[in-house]
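In the numbering used here, the protein residues as written are 86 to 244. Positions of the beta carbon are idealized from the N, C-alpha and C atoms, including for glycine. Everything below concerns the one structure shown next.
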């Protein structure tokens with residue numbers, strides 16, 4: 086136990102020293118920046134452009150601005166864009182995964198319909214989970230992330 090405490094003390098001291106100035110009083114260089122995620126950058130580019138085009142309409146009901154909404158049609162436009170961004174992040178995809186850019190109402194891409202069906206699945210599971218008495222939690226539930234973990238197709242087993 087004493088050896089473990091000594092080891093931890095030394096490790097903490099070394100970590101602290103690594104963050105301090107060096108002996109010649111120069112600051113250590115910053116860690117290299119993480120490589121930007123091109124998919125997230127792509128999603129941001131689309132959403133920034135849409136937010137600019139829709140400025141002033143953020144609080145309007147989504148179906149009054151967008152065509153062909155079969156789900157989330159009653160949420161405000163600003164919230165809809167945030168939801169889409171979160172889904173893209175959760176599935177590790179850009180807007181082009183489900184949408185044809187600048188033809189957002191298009192039904193050409195199959196993942197758009199799959200997403201609608203998955204939304205219904207999540208709703209059903211979250212309703213059913215409330216009937217499991219052993220859980221006894223108002224917060225029990227699932228979301229896209231529960232299964233997807235950043236992958237468009239959820240894996241049957243952990244990688």
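Residues sharing a beta bridge with residue i, DSSP
i	result
residue 146	161
residue 193	For residue 193, which the question treats as bridged, DSSP gives no partner whatsoever.
residue 208	Bridge partners of residue 208: none, in fact.
residue 188	185
Cutoff 8 Å; reference residue i; Cβ partners in own chain excluding five residues on either side
i	result
residue 235	174, 175, 176, 177
residue 201	155, 156
residue 239	232, 233
residue 168	157, 160
Close-in-space but distant-in-sequence residues of the same chain around residue i (CB under 7 Å, 5 per side omitted)
i	result
residue 252	For residue 252 there is no data in the structure shown, the boundaries of the chain being 86 and 244.
Beta-carbon proximity list for residue i, same chain, < 6 Å, skipping 5 on both sides
i	result
residue 119	none
residue 194	183
residue 242	none
Nearest residue (CA-CA) to residue i, options the options
i	options	result
residue 148	126, 161, 243, 216	161
residue 139	123, 126, 164	164
residue 237	114, 124, 117, 115	124
- Quick one: any contact between the stretch 186-202 and the stretch 140-147, if contact means 3 or more CB pairs under 8 Å? no
- Message: Quick check: the stretch 224-242 against the stretch 206-215, are at least 3 beta-carbon pairs closer than 8 Å?
- Response: yes
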